[in-house]
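Residue numbers (the numbering used here): 4 to 384.
Yeah, the Cβ is synthetic: ideal placement off N, Cα and C, and Gly gets one too.
Heads up, the thing below is written out as structure tokens.
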């Protein structure tokens, strides 16, 4: 009887510890949330971003920013995290490779070693918020974003591997699937996003159950010019169609992060774009499943992205002013600790051991103190 009680105690203690690790991320929809955000390209743009996304009652808005595989500068990115903390900005980091050396018209197809390097680097940073939002690459249903030929099976495997590796470092990592090009069509080299999602799930069954959030590029297509009341599978409402499909494949109700969207001022007058943003946020994007909307782009500089830019020649555009004036919410995300004057730092309960040679890490090995604790209970030491 005594051994049975000890066994049951150990069993439930282990279940409790495991559950704590699994539930380390927070549900952003369960907290007061300022879903307004902006997409930036450079770390030095945070102050300008804060003036836009935390305006008119807003606090702790979101910024999406890419990090390329060759720019893992610890000082640069820690300053970015510190600035985000001081400015009350929630960072969403999008992984990126770099232009292919042999074909500069496409991005190099990433591999598992890129994932390992990114996980180690991003885990070395002190993040401002408990949830560490990471998007695993970009518009992978496009040929030029995947080495010249899109491959949903390869991406599903990379995404699954990323979930395992990042969460082996810290369960505070919140893994988001790549936003897909909602204007892409099926061809020899690319896919429309819905067929792409289906093929991902066929290649790695349950892939969408593994992730924490859905990335969406809900542009007003066709032509980056459709009014916000056009609700189709290729307009600013495309996130709804993506979410419904993924939920049917996974039976999991995932939050949505619209990390790119926006109207082209080559097609639409800038004043009208401002009105479109007001309408979109009060209607289509006023959806409980949408955590963040980070339009593309704060500062473009030159073509081809200048048509989307909120700031031109260091001056705010009419859509910037309209966006800034929209009433926002005071977000209250879970924050990381600040202990005895140290930088705010996330402290996961315990990490999993990870075998680099394995495609999937199933080694939930116990820490030495935990093993010794169990030995003590069983009278083995």
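- Shown here, residue 266 sits in coil according to DSSP, grouped into three states, outside any helix or strand.
- For residue 282, the enclosing alpha helix (DSSP H) covers residues 273 to 285.
- In the three-state reduction of the DSSP assignment, residue 209 falls in the coil class.
- Around the beta-carbon of residue 77, fewer than 16 other beta-carbon atoms lie within 10 Å, marking it exposed.
- If you draw a straight line from the Cα of residue 272 to the Cα of residue 203, it comes to about 38 Å.
- Around the beta carbon of residue 215, 16 or more other beta carbons lie within 10 angstroms, which makes this residue buried.
- DSSP lists 315 as the beta-bridge partner residues of residue 318.
- Residue 287 and residue 231 have their alpha carbons spaced roughly 7 Å apart.
- Setting aside the 5 residues that flank it on each side, residue 224 is surrounded in the same chain by 185, 186, 237 and 238, each with a C-beta closer than 7 Å to its C-beta; the list follows chain order.
- The beta carbon of residue 182 sits closer than 6 Å to the beta carbons of 218, 219, 220, 262 and 263 from its chain, once the five residues preceding and following it are set aside; these are given in chain order.
- If you draw a straight line from the Cα of residue 131 to the Cα of residue 339, it is about 6 Å long.
- Nearest neighbour of residue 82 by Cα position, chosen from 55, 50, 99 and 64, turns out to be 50.
- The beta carbon of residue 127 sits closer than 8 Å to the beta carbons of 77 from its chain, once the five residues preceding and following it are set aside; these are given in chain order.
- Rounded to whole angstroms, the separation of the alpha carbons of residue 315 and residue 277 is 15 Å.
- By the C-beta criterion, the region 108 to 126 is judged to be in contact with the region 64 to 79, since at least 3 inter-stretch pairs fall below 8 Å.
- Straight-line measurement puts the Cα of residue 301 at about 24 Å from the Cα of residue 292.
- Counting other Cβ atoms within 10 Å of its Cβ, residue 257 reaches 16 or more and is therefore classed as buried.
- Per DSSP, residue 229 is not a residue of any beta strand (DSSP E), being assigned neither H nor E.
- Inside the region 157 to 210, DSSP marks whole beta strand (DSSP E) runs of 3 or more residues at positions 176 to 179, from first to last along the chain.
- Around residue 233, the same chain offers no residue with a beta carbon nearer than 6 Å, after the five sequence neighbours per side are excluded.
- Taking a 10 Å sphere around the C-beta of residue 125, we find 16 or more other C-beta atoms and assign the residue as buried.
- Just so you know, the alpha carbons of residue 163 and residue 113 end up roughly 14 Å apart.
- Between residue 93 and residue 65, the C-beta spacing is below 7 Å.
- Of 289, 250 and 200, the smallest CA-CA separation from residue 240 is found for 289.
- Nearest neighbour of residue 145 by Cα position, chosen from 172, 191, 275 and 48, turns out to be 191.
- Comparing alpha-carbon positions, the option among 31, 56, 27 and 141 lying closest to residue 39 turns out to be 56.
- Residue pairing for residue 293: DSSP places it in a beta bridge opposite 259.
- Secondary structure at residue 235: coil, using DSSP grouped into helix, strand and coil.
- In the three-state DSSP reduction, residue 46 falls in the helix class (H, G or I).
- Nearest in C-alpha terms to residue 27, of all of 67, 178, 47 and 252, is 178.
- In this structure, DSSP gives residue 221 a state outside helix and strand, which the three-state scheme calls coil.
- Residue 333 and residue 62 do touch by the CB rule: their CB atoms are close to 4 Å apart, below 8 Å.
- A distance below 6 Å between beta-carbons, with the five flanking residues on each side excluded, links residue 149 to the following residues of its chain, in chain order: 112 and 143.
- DSSP places residue 88 inside the alpha helix (DSSP H), whose first and last residues are 77 to 90.
- Cβ atoms of residue 98 and residue 70 come within 8 Å of each other, at about 7 Å.
- The beta carbons of residue 212 and residue 253 sit about 5 Å from each other, so the pair counts as a contact at 8 Å.
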